[in-house]
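These notes are about the structure you will find just below.
Chains as they are written, first to last, in our numbering: chain A, 136 to 600; chain B, 5 to 445.
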């Protein structure tokens, strides 16, 4: 229906064709750029869309990775090779004895126990405040903790490294009264290092009677028992922040003193005699370097289960702990990654569509190139490279906003859940993300390229838009 | 070809000819149209999912709080309901005082003791097996009244509705002796997770102790199996009479974690709260939370998430709008000559505008419909997947919830996309100059 004519546009085409035919394959890139620049508006729009999608993908992928890494970090860094971590409200009974016994094993470097319970503090001027109390043996806790965890305890530390109040097992030793408080207590309740912090004896913890320096505070017409602690330092919470957890405050005490304060130390037995219960929430075991090198973790774990069958279900190796942590974060991870991927998919669909449009528009041009002797393979590569240039440029532009987006997102999540997210934003990580986008992008780029190669030469040359 | 179509269309009624022509135009560029529709659909689907998660969490919290029918939560002064729970002592006496002070304003005043430590149970007919730990929950059945939030689906409620052991001299004097267990009602209700773990059914007997070695045990009958909205499906819990739990844990100071109050219809929670928190002898010992106080603290959990979800939705929508408007503008540009022809044979600027607008509208409408379908599917998948994977989600929670609000919001988004997709290229098309367009090669 229409005649074939080489107008001014046609001459340009012939030029392109000759160039393509003559030049080395590497210059296809230059030709692609020129083709893209011939239609600047659409190229910019497409590039922008890919950049936005890339930014979202990068942010989401970094946040998802950060959630995973952060959750695993404390386990990875710590010296906890084995733990007894009871669930469903179960507790370790006789925790000090368990620690003492396990510490004597030749493969074990040391072991330590920790307990948690709610206690109420009387904060100056602001009345009572219920806090989470953690009981630890400072020296062993420090040795067990990883670098990141230790970093939180920069604002002072216990003077007494051991747990003297536990004494010979009857909670009759020296009472230190040392307490570490979380930063939000310092900020909000005007507590500072050196100040006294009255802590109420938990209800039902009055079994020890005169062994604790108890005094009373008037509350309404009731007098309640308190013990004075001295604040020796403050620490950053790994669960704090501004959102849901802002009301959560934590204090750390010597294990024996904390147990005595919260009723975990003793209970009233038959006939009104106090019986030691020595309850704790978990025991951590660090093996000697030799034992670790010899791969004794499994054997020591089995020995723990045998020695303490009541906790057999709750003995976990580091790998099992990591797996548990992993399960807890896998949903958030999958979720953020899925969101990023869907967004990237839309961006790549955009590229494919625009390239198909471009191929259709250039039906005649492509036909002529073929007529001039350019191979199908060359045409395929030409269109393919054009698509990939769009993807690559868009993706490169999207990295920086993606990075800042991730920093911002991690900041808000940290502020909300209080868990400081560690963004792993390294070069290899970026290269991995780019490689993924280019790999998926190349699948999308194949389609317009394939459409271009399938053209019938005569039909293409004689086509009229 | 286009001339023929145009002539044909010129004779048809206006509205019909525009839509027929628009459809024909879209069919001429099927691949790009299909891709564009897919892009719009994906972004709509993502938006539906994002919005439905926010709504799901909000509504579930609402309904959980409402379902318990608790109007006021009385807790120890200085503690919070979720993080940092304290204990009230002499709770029976305190509940009685509150009951007397509120008078007819309160329907139900119920102390409840939920210690943080577990107790140990074992099937009585399976000696030697390892005991199972579970969280106890002490209450007085007759005081529970209208409060709910859990459902017994096997067996029945407690046979003894009061708390008879609280009147026993052993309990009153606080002198612990195992023999005093003989005066217990010895009945418990266990939740689904615990019943499964123990392998018991309603009517079976269990050994119950505060200690792993099952020292100082009592033998109790499982009256029923329940499922509670507020508990996660994998937390093992059981209910028993308040004083019996206190006695087994050797807590002779009558502790309770909360006193739950259901107010009479029409009584304002705020007023009742005010009357308890000031001027009473017990006022300095308690904190009182209303539904909305509790709801406020729960809402903090998903506020940040909601902000994220909205941002993600907005970004995706922007990409979709870029997508559809670029494709539409290109399509219009390609047809410059055709549009010039249509104008030359008498089509008005308005007709051209309507034509292009219709094309944009059709693409966004199909994308919207498809996206809604994907979105519903996706929301369901997310709900199922998260509930199956994450431990500790309360049974009554729906992670996603597609409400009229979600549908309305997404429809607005769809209209916005449609407008951008149609208006910009339509406006562009009306600016085509007839003479220049016809001269074009």
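Where is the CB? At the ideal position from N, CA and C, for every residue including glycine.
Proximity to residue i [Cα-Cα], best of the options
i, options, result
"residue 209 of chain A", "A/453, A/579, A/549, A/528", "A/453"
"residue 126 of chain B", "B/156, B/102, B/208", "B/208"
"residue 261 of chain B", "B/384, B/184, B/86, B/378", "B/86"
"residue 218 of chain A", "A/349, A/408, A/267, A/448", "A/448"
"residue 581 of chain A", "A/487, A/254, A/223, A/166", "A/487"
"residue 473 of chain A", "B/358, B/412, B/350, B/383", "B/383"
"residue 591 of chain A", "A/543, A/544, A/500", "A/500"
"residue 388 of chain A", "A/317, A/243, A/433, A/430", "A/317"
"residue 93 of chain B", "B/440, B/259, B/314, B/285", "B/259"
"residue 351 of chain A", "A/256, A/404, A/193", "A/256"
"residue 256 of chain B", "B/193, B/240, B/324, B/180", "B/180"
"residue 297 of chain A", "A/272, A/291, A/309, A/304", "A/272"
"residue 167 of chain B", "B/77, B/120, B/247", "B/247"
"residue 392 of chain A", "A/383, A/429, A/502, A/349", "A/349"
"residue 50 of chain B", "A/471, A/537, A/288", "A/471"
"residue 195 of chain A", "A/578, A/460, A/541", "A/541"
"residue 274 of chain B", "B/283, B/187, B/297", "B/297"
"residue 214 of chain A", "A/293, A/239, A/275", "A/275"
"residue 404 of chain B", "B/195, B/419, B/385, B/398", "B/385"
"residue 583 of chain A", "A/483, A/301, A/312", "A/483"
"residue 252 of chain B", "B/359, B/170, B/347, B/421", "B/170"
"residue 477 of chain A", "B/53, B/104, B/22", "B/53"
"residue 432 of chain A", "A/565, A/442, A/242, A/383", "A/242"
"residue 359 of chain B", "B/128, B/315, B/339", "B/339"
"residue 194 of chain B", "B/237, B/130, B/47, B/365", "B/237"
"residue 371 of chain B", "B/151, B/183, B/48, B/312", "B/48"
Residue j beta carbon less than 8 Å from that of residue i
i, j, result
"residue 356 of chain A", "residue 232 of chain A", "no"
"residue 343 of chain B", "residue 417 of chain B", "no"
"residue 71 of chain B", "residue 149 of chain B", "no"
"residue 55 of chain B", "residue 414 of chain B", "yes"
"residue 30 of chain B", "residue 363 of chain B", "yes"
"residue 227 of chain A", "residue 446 of chain A", "yes"
One or two residues paired with residue i in a DSSP bridge
i, result
"residue 264 of chain A", "A/256"
"residue 231 of chain B", "B/155"
"residue 360 of chain A", "A/351"
"residue 141 of chain B", "B/243"
"residue 262 of chain B", "B/116"
"residue 195 of chain B", "B/230"
"residue 77 of chain B", "B/264, B/293"
"residue 490 of chain A", "Residue 490 of chain A pairs with nothing; no bridge assigned."
"residue 280 of chain A", "DSSP lists no partner for residue 280 of chain A."
"residue 368 of chain B", "DSSP, once it has assigned bridges, lists no residue as partnering residue 368 of chain B."
"residue 245 of chain A", "A/421"
"residue 368 of chain A", "A/315"
> Going along the stretch 85-97 of chain B in order, which residues come within less than 7 Å of chain A, judged by CB to CB distance?
Replying inline: 87, 88, 89, 90, 91, 93
>> Taking 8 Å as the cut-off, does the stretch 71-89 of chain B touch the stretch 258-278 of chain A (at least 3 CB pairs, one atom from each stretch)?
In response: yes
> Can you list, in chain order, the residues of the stretch 330-345 of chain B whose Cβ is nearer than 7 Å to any Cβ on chain A?
Replying inline: 330, 331, 334, 338
>> Three or more C-beta pairs under 8 Å: does that hold for the stretch 518-538 of chain A against the stretch 178-192 of chain A?
In response: yes
>> Whether or not the stretch 319-332 of chain A and the stretch 363-370 of chain A are in contact is what I'm after, with contact meaning three or more pairs of Cβ atoms, one per stretch, closer than 8 Å; do they touch?
In response: yes
>> So if I threshold CB-CB distances at 7 Å, which residues from the stretch 279-292 of chain B count as touching chain A?
In response: 285, 286, 287, 288, 289
> Is the stretch 199-218 of chain B touching the stretch 226-234 of chain B in the sense that three or more CB pairs, one from each, lie closer than 8 Å?
Replying inline: yes
> Closer than 7 Å, Cβ to any Cβ of chain B: which residues of the stretch 298-318 of chain A, in chain order?
Replying inline: none
>> Taking 8 Å as the cut-off, does the stretch 234-248 of chain A touch the stretch 415-426 of chain A (at least 3 CB pairs, one atom from each stretch)?
In response: yes
> Pairing CB atoms from the stretch 486-504 of chain A with CB atoms from the stretch 32-42 of chain B, are three or more of them under 8 Å?
Replying inline: yes
>> For the stretch 268-283 of chain B against the stretch 57-71 of chain B, do three or more pairs of beta-carbon atoms, one drawn from each stretch, fall closer than 8 Å, so that the two count as touching?
In response: no
> When the Cβ atoms of the stretch 194-203 of chain A are set against those of the stretch 106-119 of chain B, are three or more pairs found closer than 8 Å?
Replying inline: no
> Listed in chain order, which residues of the stretch 28-53 of chain B have Cβ atoms closer than 7 Å to some Cβ of chain A?
Replying inline: 35, 36, 39, 40, 42, 43, 46, 47, 50
> Which residues, taken in chain order from the stretch 253-286 of chain A, show a beta carbon closer than 7 Å to some beta carbon of chain B?
Replying inline: 253, 255, 262, 263, 264, 265, 266, 267
> When you check each C-beta in the stretch 335-366 of chain A against every C-beta of chain B, which residues fall closer than 9 Å?
Replying inline: 335, 337, 338, 339, 341, 342, 353, 354, 355, 356, 357, 359
> In chain order, what residues of the stretch 246-257 of chain B put their CB closer than 7 Å to some CB of chain A?
Replying inline: 254, 255, 257
>> By the 7 Å beta-carbon criterion, what residues does the stretch 474-486 of chain A contribute toward chain B?
In response: 474, 477, 478, 480, 481, 482, 484, 485
> In chain order, what residues of the stretch 404-419 of chain A put their CB closer than 9 Å to some CB of chain B?
Replying inline: 404, 405, 406, 407, 412, 414
> Can you list, in chain order, the residues of the stretch 404-419 of chain B whose Cβ is nearer than 8 Å to any Cβ on chain A?
Replying inline: none
>> Between the stretch 347-359 of chain B and the stretch 499-516 of chain A, can you find at least three pairs of beta-carbon atoms closer than 8 Å?
In response: no
> Taking Cβ-Cβ distances below 9 Å as the criterion, which residues of the stretch 113-143 of chain B are in contact with chain A?
Replying inline: 119, 120, 121, 122, 123, 124, 134, 135, 136, 137, 138, 139, 140
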